[in-house]
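The listed protein sequences derive, respectively, from chains B, D and H. Sequential numbering of the first sequence, starting at 1, is according to the working numbering. Sequential numbering of the second sequence, starting at 1, is according to the working numbering. Sequential numbering of the third sequence, starting at 1, is according to the working numbering.
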Amino acid sequence: MVSTASRVAVAKTYKIYIDGKFPRTESGRYFPLEDKDGNVIANVCRSSRKDFRNAVVAARNAFAKWSAASAYLRGQILYRIAEMLEGRREQFVAELVTQGISKRRAGAEVDACTDRLIYYAGWADKYQQIFSAVNPVSSSHFNFSVLEPTGVVAIIAPDDSGLLGLVSNVMPAIVGGNTCVVLASESLPLCAVSFAEVLHASDVPGGVVNILTGHRQELTTQFASHMDVNAIVYTAADRDVGRSIQVEAAQNIKRVIARTNVEWESDASQNPYLIQETQETKTTWHPIGG
Amino acid sequence: MDSQTNKLAFELAFDEGWRYAPAPESTDHIRIDEQYELFIGGEFVVPREGRYFPSINPATEEPLSRIALATAPDIDAAVAAARKAYAKWSKMKASERGKLVYRLARMLQERSREFATIESLDGGKPIRESRDIDIPLAAAHFFYYAGWADKLEYAFPGRTPKSLGVAAQVIPWNFPLLMLAWKIAPALACGNTVVLKPAETTPLTALKFAELVQDAGLPPGVVNIVTGAGETGALLVNHPGVDKIAFTGSTEVGRIIQKSIAGTGKRYTLELGGKAANIIFADAAIDQAVEGIVNGIFFNQGHVCCAGSRLFVQESVADEVVQKLRDRMETLIIGDPLDKNTDIGAINSAEQLERIKSYLKIGEDEGAEMHQSSCPVPDRGYWCRPTIFTGVSQSNRIVQEEIFGPVLAVQTFRTLEEGLTKANNTPYGLSGGVWTDKGAKIFKMTQGVRAGVIWANTFNKFDPTSPFGGYKESGVGREGGLHGLGAYLSLESR
Amino acid sequence: MNLSAVPRTNRIPDLDRVAHVDEVGVNERVARFQSRSIKNESKVQALKMVLSMIDLTTLEGQDTAGKVRQLCQKAMHLHDKLPDLPHVAAVCVYPTMVAVAKKALGNSGIKVASVATAFPSGMAPRQIKLEETRIAVEDGADEIDMVISRGAFLQGQFGFVFDEIAAIKEACGAAHLKVILETGELGTLDRVRRASWLSMHAGADFIKTSTGKIQPAATMPVTLVMLQAIRDFYRETGTMVGMKPAGGISNAKLAVHYLVMLRETLGNAWMTPDWFRFGASSLANDCLMQIEKQATGRYQSADYFSKD
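Structure, rendered in structure tokens:
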């Protein structure tokens, strides 16, 4: 925000995004985000486990309809997100710059996000064709295997990325029909909240993506241990953290997806296998006869 | 209340009482130019020989516009423009190419009403069909294939896909814009450039599409549209500078094309005629099956290659099905294609109407019983009422030959095996329908019918993700879906 | 199917012969009805037809004589400012309100329809249902809207359901019987078709979708299936049966689409209040607003139309 000599700028309040709405954390807590000179840029919501609980409820409620939406519709919605992000490019660049990213890198990052959104939008009505199969069983049955979304996916976004890391993990999950709860980067949290606004403007139904900001140390265990979460995607540089997530996840046999050493800027990091990772495979038999 | 027993011997009266007032689509938001040139190298250019032909509105017999006639020098120029553009287009980063094709999809969605209205004016199909089916499906095809542009490596295990070059594409008049989308979308997504010739009776939406290509900022020469009739098509297909041919039209012409390109090494796909069997078992959901019959042969005036033009009804329910079919036919409204309530529009041309009429005569001469709905038709324009023939068998010409109009031949059958045998007893093999509530029978029928598309408990359903194409003389190759990519690529081993 | 005259036999039909129904196909046919564009004079005609087919309904535990009288007033005076309006077909109330309605309606020509048979659940012994029916008829009901025993139907006790309808029909005497299937509880369109077939053979003068007390109430797909059953029954026996979708039809545009569906399924003979009714309450005012809009060109406000 920039005040001029004659005009006082209006500062933005950064909230969290749950069930298509923008509440503050129910705990009322915050943590200040400072720029490199120690000035407070924003007071960021320090989400609680109750926020996470509410987000999971929202994600679970949204799952039935989102997973039943046609692939075509999901693709159209993801494309719309790209249109909305492209239109707000300057806002996101400015937000990244405020948080210490160079202008050039920030521009490249936002463009990469938009292109990645389009990339995954294009997979919506195609990944099924790559990963499904008609199986030539030896009995007189028509046998086919299809992918189905696993359900509610908890995502711990990479901490070292202000936007691209989050987008790169959320899109493959939801394009396949899952709903998700995301923990934004702790050191670069602002764009995640603004991205929620972009989602909101793109006909993404409430509850499909829920975005929380807060302290990793507090919330990681919640993300990993919730019994109504079907999969957890995380980036953990620290091996101990990774191990403890896996231990918690085991309680309800969550699908555990670790993203380590991924260069999100590279095109190699986007591919349909990231979609498949949050999908189940269902096989059906039916007699062929009279 | 009056006595409940109707004295009219159980007939249903559809022709009296409350009627629908005219509900015309407005044309004040569309623009059709008085004259259209050829679209070559990103510009509208005057045809070399300076000749034009009219495009007629088949519902009014009035001319809509003057259309350029492309002759040999124009085809040379178009192919050269496509070749020139190919060098850069094929080397463009695939995701960037995809984004340009996405623009086409989105713009088509934005201008859908204009395209739908012009489609109906030019070709005679009801505005409800253009608006609800043709144009949305066309946009969806561009949207689908745009997404493949940067994903081809996943579609062919063990192979490195490469574009072919310049594609020559010739399309028919029954779904003009949709057929354009089926051709251009995959071609562009795979890195090829195109020269497309729309049918001579329905060039307008292709020419409007050319405007879209300009607005979307596609590099000049990536898409070229040349207008003309059979001769223009032949010039295009036989041009030595094209690498790949895609043709949708009659089997007769498909045969000619396949012959004329023999020995040239050109790749080709042909989507040709059909005489599909629509098979109704006694345990089918009969009312929905009747609707499926109607969808299969009467909508789009029967101008559908995959039309369900041979009905087979299991004998024990034959009377019931025919009765219900006749009831339903009485509620079909034939008339002004621009009226939103019209179900059946104009026959595309005087020529096609003559063809259909000649088959009606053949049917009667062969001793078949003809029944038509009693709907009024307008005075001017080309019209054919929905028609069924009963008392026919596989030996009738009207059962063997493709009529391409709203004319259905009805036969009975007794066993599944008989149904299968008769369904396959044809040189065609584009599509088929099977209606039964029993799942196992569905799979047995789809296993046995020799056709490229089988509809079970539905008919004439299309989707960009779903491959379409024929067996036998209905053509070779598939369009749509993952399977539709191969036609526009060469697959080199890794 | 037998195309020669087989009059209604009042014997339980063979339900295995009843047509199967494909839900996706039904929905597609319905979508075509909804794409019809009804304009200008045909729209006004349709709206007036809808008004004439309404059973203006109040079925609340809190109904009183006063409420019913006011409803009857509305039934007789929909919107006196507009000339040439038809009156509604009937007023529909609980049995205890029949006498009040009958008196209030006088000789307006508007019928009194009464629910009966332990509406809406139908969970009562047969004697109670018969007695309730007789009382309503004695008090002056012209029409009885009964509910079928859904539990028995779902248990496969078709004979029980059939006998019950036949008995109520008898208890109706001269009054006409509408049989409510409560389609929202039947679950599948196949069951709706079978229940329709059963009810018509048992003596129903009308078949009706719903009580309006649960969701879903009337829908176009369910109504289409019932209309097709009526058509098949007519072709087989020569007997006409009426149709009443009830509940959930609160806007005029939807009601007009129902008329399109009626016209294209059964034809002209059914397009009168004798053979088709809408069970509705707020529908009437929406129709009036649309009629006024057609006449003046202005979109209307609810403030200008009485709510009784």
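Ideal Cβ placement from N, Cα and C applies to all residues, glycine included.
Consult DSSP for residue i and reduce its assignment to one of helix, strand or coil.
i	result
D/Arg66	strand
H/Gly203	coil
B/Val170	helix
D/Asn348	coil
D/Gln394	coil
B/Glu34	strand
B/Val247	helix
B/Asp240	helix
H/Met53	coil
D/Lys183	helix
Quick one: what's got a C-beta closer than 7 Å to residue i's C-beta in the same chain, skipping five residues either side?
i	result
B/Ser146	Note that residue 146 of chain B is Val in the sequence shown here, rather than Ser. Gln128, Ser132 and Lys282.
D/Ala146	Gly98, Val101, Tyr102, Ala105 and Ala189
D/Lys162	Leu489, Ser490 and Glu492
D/Pro172	Met179, Ala199, Thr248 and Gly249
D/Pro386	Phe298, Met329, Leu332, Ile344, Gln372, Ser373 and Pro406
D/Val79	Val166, Val195, His239, Gly241 and Val242
Might you give, ordered along the chain, the residues of its own chain that have their beta carbon closer than 6 Å to the beta carbon of residue i, omitting 5 neighbours on each side?
i	result
D/Val46	Glu37
B/Leu219	Leu183
D/Gly477	Thr269, Gly469 and Ala487
D/Pro24	Leu338 and Asp339
Looking at the unbroken beta strand (DSSP E) that takes in residue i, where does it start and where does it end?
i	result
B/Pro287	Gln279 to Pro287
D/His371	Glu369 to Gln372
D/Tyr268	Arg267 to Glu271
D/Glu153	Careful: D/Glu153 lies outside any beta strand (DSSP E) and carries neither H nor E.
B/His141	His141 to Pro149
D/Phe53	Tyr52 to Asn57
D/Asn295	Element bounds for D/Asn295: not the beta strand (DSSP E) but the alpha helix (DSSP H), Ile286 to Ile297.
D/Leu196	Thr193 to Lys197
D/Asn278	Ala277 to Ile280
H/Lys111	Lys111 to Val115
H/Gly242	Gly242 to Lys244
Counting only beta-carbon separations shorter than 8 Å, does residue i have a partner in chain H?
i	result
D/Ile32	no
D/Gln288	yes
D/Phe312	no
D/Ala285	yes
D/Glu110	no
Any beta carbon from chain D within less than 8 Å of residue i's own beta carbon?
i	result
H/Ser108	no
H/Gln290	no
B/Ala121	yes
B/Asp111	no
B/Thr13	no
H/Glu182	no
B/Phe223	no
H/Glu41	yes
How would you write the range of the alpha helix (DSSP H) that residue i sits in, first residue to last?
i	result
H/Lys103	Val98 to Leu105
B/Ile81	Ala71 to Gly87
D/Ala80	Ala72 to Lys91
H/Gly279	No alpha helix (DSSP H) holds H/Gly279; the beta strand (DSSP E) holding it covers Phe278 to Ala280.
I want to see whether chain B comes within less than 8 Å of residue i, judged by CB atoms only; does it?
i	result
D/Leu491	no
D/Thr436	no
D/Leu482	yes
Looking only at its chain, what residues have a beta carbon closer than 8 Å to the beta carbon of residue i, apart from the 5 residues adjacent to it on each side?
i	result
H/Ile12	Phe158, Gly159, Phe162, Leu198, His201 and Ala202
B/Val40	Pro32, Leu33 and Glu34
Examine chain A for any beta-carbon lying closer than 8 Å to the beta-carbon of residue i, and answer yes or no.
i	result
H/Asp22	Chain labels in this structure do not include chain A; the protein chains are B, D and H.
Considering only heavy atoms of the ligand MG, does any lie closer than 7 Å to the CB of residue i?
i	result
B/Gly289	Because no ligand of any kind appears in the structure shown, any question about the ligand MG cannot be addressed here.
Check your understanding: What are the complete beta strand (DSSP E) segments, minimum 3 residues, inside the stretch 208-260 of chain D?
Key -> Entirely contained in the stretch 208-260 of chain D, the beta strand (DSSP E) runs reaching 3 residues are, in chain order, 223-225 and 244-248.
Practice item. Counting only runs of 4+ residues fully inside the stretch 118-203 of chain H, write out the alpha helix (DSSP H) ranges in chain order. Key: You should have 126-138, 150-154, 158-172, 183-186 and 189-202.
Point to revise | In chain order, each alpha helix (DSSP H) run of at least 4 residues that lies wholly inside the stretch 156-238 of chain B | key: If we require 4 residues or more, the alpha helix (DSSP H) runs fully inside the stretch 156-238 of chain B come out as 164-175, 190-200 and 216-225.
Point to revise | Those runs of the alpha helix (DSSP H) which lie wholly inside the stretch 376-457 of chain D and span at least 4 residues | key: Within the stretch 376-457 of chain D, the complete alpha helix (DSSP H) segments at least 4 residues long are 397-400, 416-424 and 439-448, listed from N- to C-terminus.
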